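Take a look at the structure set out below.
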Amino acid sequence: MLFLLKIQFFGKHLQHVSCYAYVFKDIFMKIATYNVNGINARLPVLLKWLEESRPDVACLQELKAPDEKFPLEAITDAGYQALWHGQKSWNGVAILTRGDKTALETGRGLAGDPEDVQSRYLEAEFNGITIGCLYLPNGNPAPGPKFDYKLSWMQRLEQHAKTLISARKPTLLCGDFNVIPTALDAYKAERWVDDALFRPETHEAFERLLDQGWTDALRKLNPDTVIYTYWDYFRQAYRRNAGLRIDHFLLNKDLEKRLTAAGVDDYVRGWEKTSDHAPVWVEIQG
DNA sequence: ATGGCATTTAAAAAATGA
Numbered sequence: 039m040l041f042l043l044k045i046q047f048f049g050k051h052l053q054h055v056s057c058y059a060y061v062f063k064d065i066f067m068k069i070a071t072y073n074v075n076g077i078n079a080r081l082p083v084l085l086k087w088l089e090e091s092r093p094d095v096a097c098l099q100e101l102k103a104p105d106e107k108f109p110l111e112a113i114t115d116a117g118y119q120a121l122w123h124g125q126k127s128w129n130g131v132a133i134l135t136r137g138d139k140t141a142l143e144t145g146r147g148l149a150g151d152p153e154d155v156q157s158r159y160l161e162a163e164f165n166g167i168t169i170g171c172l173y174l175p176n177g178n179p180a181p182g183p184k185f186d187y188k189l190s191w192m193q194r195l196e197q198h199a200k201t202l203i204s205a206r207k208p209t210l211l212c213g214d215f216n217v218i219p220t221a222l223d224a225y226k227a228e229r230w231v232d233d234a235l236f237r238p239e240t241h242e243a244f245e246r247l248l249d250q251g252w253t254d255a256l257r258k259l260n261p262d263t264v265i266y267t268y269w270d271y272f273r274q275a276y277r278r279n280a281g282l283r284i285d286h287f288l289l290n291k292d293l294e295k296r297l298t299a300a301g302v303d304d305y306v307r308g309w310e311k312t313s314d315h316a317p318v319w320v321e322i323q324g
């Protein structure tokens, strides 16, 4: 961002001389995504992470709470505003934004299936960026009706993502995609070949989405690194670093150019009463 | 290859997750 800076000098005869200089001041926006696995069970962990990581935007998944049980007061006290789309017992997504500026909700749910009652998509515009927060269906066991639902949900996402691309605005999709993109993204990938997170149909759908013009932000900045965002609760998976990379940031070309950093707050996975996912974030310039 | 754990709902045990 460009600023005009006024500099004043005071000469020896007390007349002052002003000069002006244009300076570039970099403004960064930190956007995070975090599958909390129950927002009320996870509230202390969520608040501690917000305080330490201080994202400007936090997209949350798996609230596992109906709208009326969203802990708005605690979120507000932490300095965040919130949009949320809850559901009893399962699913549920939210977008938190820090400070006084209010995000504009631009979408709730995906078109294409009037029967679908699962709360898995919420979209908002904040600071000139369109942010889609999603919780893509797991799809196991595969094959089966749950896998069919996953694939049809991905098809509906693909349709919506296409309209987002054609809007030509700075846009990102983030959340728990329940997709392991490549063998590099799973501890012992050979165990996942028949799983809904890794099956060819899932990969094909994910590739079709990327081919629209989306960039996997973490992989773009770290082409060869093993990065995980999820470790299951069993067999000390986190301590053994036996994880998966399934939480993603997809950036359109406009935002890809402005991507300056990305990471996983994996230390949060080591906390008491924590989610099986860790928060993931990107930093966007300007 | 399997079972291991955690949450919600609701009142014991089932469903879900990845």
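Position 251 of the first sequence, counted from 1, bears residue number 289 in this note's numbering, the numbering being contiguous throughout. Glycine included, C-beta positions come from ideal geometry on N, C-alpha and C. As the structure is a prediction and not an experimental result, all values here were calculated from the model.
- Taking 8 Å as the upper bound for CB-CB distance, Gly324 and Ile69 are not in contact here, some 13 Å apart.
- In this structure, DSSP gives Glu100 a state outside helix and strand, which the three-state scheme calls coil.
- Annotation for Ile113: the continuous alpha helix (DSSP H) segment containing it runs 110-115.
- Boundaries for Ile265: no beta strand (DSSP E) harbours it, and the DSSP string shows neither H nor E there.
- Taking 9 Å as the cut-off, the beta carbon of Leu288 is found no closer than this to the beta carbon of Leu297.
- Fully contained in the stretch 166-232 are the following alpha helix (DSSP H) runs of length 4 or more, in chain order: 183-204.
- Counting only residues of its own chain and dropping the five nearest sequence neighbours on each side, Leu189 has a CB closer than 8 Å to the CB of Gly177, Glu239, Thr240, Ala243.
- Ranked by Cα distance from Ile218, the options Glu294, His286, Val302 are led by His286.
- In this chain, the alpha helix (DSSP H) harbouring His241 covers 238-249.
- Per DSSP, the unbroken alpha helix (DSSP H) holding Val83 starts and ends at 81-91.
- With a beta-carbon spacing of about 6 Å, Thr168 and Lys207 fall inside the 8 Å limit used to define contacts.
- In the same chain as Asp292, and ignoring 5 residues on each side of it, the C-beta atoms closer than 8 Å to its own belong to Arg206, Lys207, Pro208, Thr209, in chain order.
- Shortest Cα-Cα distance from Trp128 to any of Lys107, Gly145, Asp115, Lys139 involves Lys107.
- In this structure, the straight-line span from the alpha carbon of Thr140 to that of Pro104 is close to 22 Å.
- Comparing alpha-carbon positions, the option among Pro82, Tyr305, Leu211 lying closest to Cys97 turns out to be Leu211.
- Assigned with DSSP and collapsed to three states, Lys258 falls in helix.
- The C-beta separation of Ala234 from Ala316 comes to about 21 Å, leaving the pair out of contact by the 8 Å criterion.
- As DSSP reads the structure, Trp309 sits in no beta bridge.
- For Leu293, the enclosing alpha helix (DSSP H) begins and ends at 291-294.
- A straight-line Cα-Cα distance of about 31 Å links Gln197 and Glu228.
- Between Ala120 and Ala132, the beta carbon gap of about 6 Å places them in contact (Cβ cut-off 8 Å).
- Your pair Arg194 and Gly145 does not check out as a contact, with CB atoms roughly 12 Å apart and the cut at 8 Å.
- In this structure, DSSP gives Asp304 a helical state, which the three-state scheme calls helix.
- For Lys107, the secondary structure class from DSSP, reduced to helix, strand or coil, is helix.
- In the three-state reduction of the DSSP assignment, Lys126 falls in the coil class, being assigned neither a helical nor a strand state.
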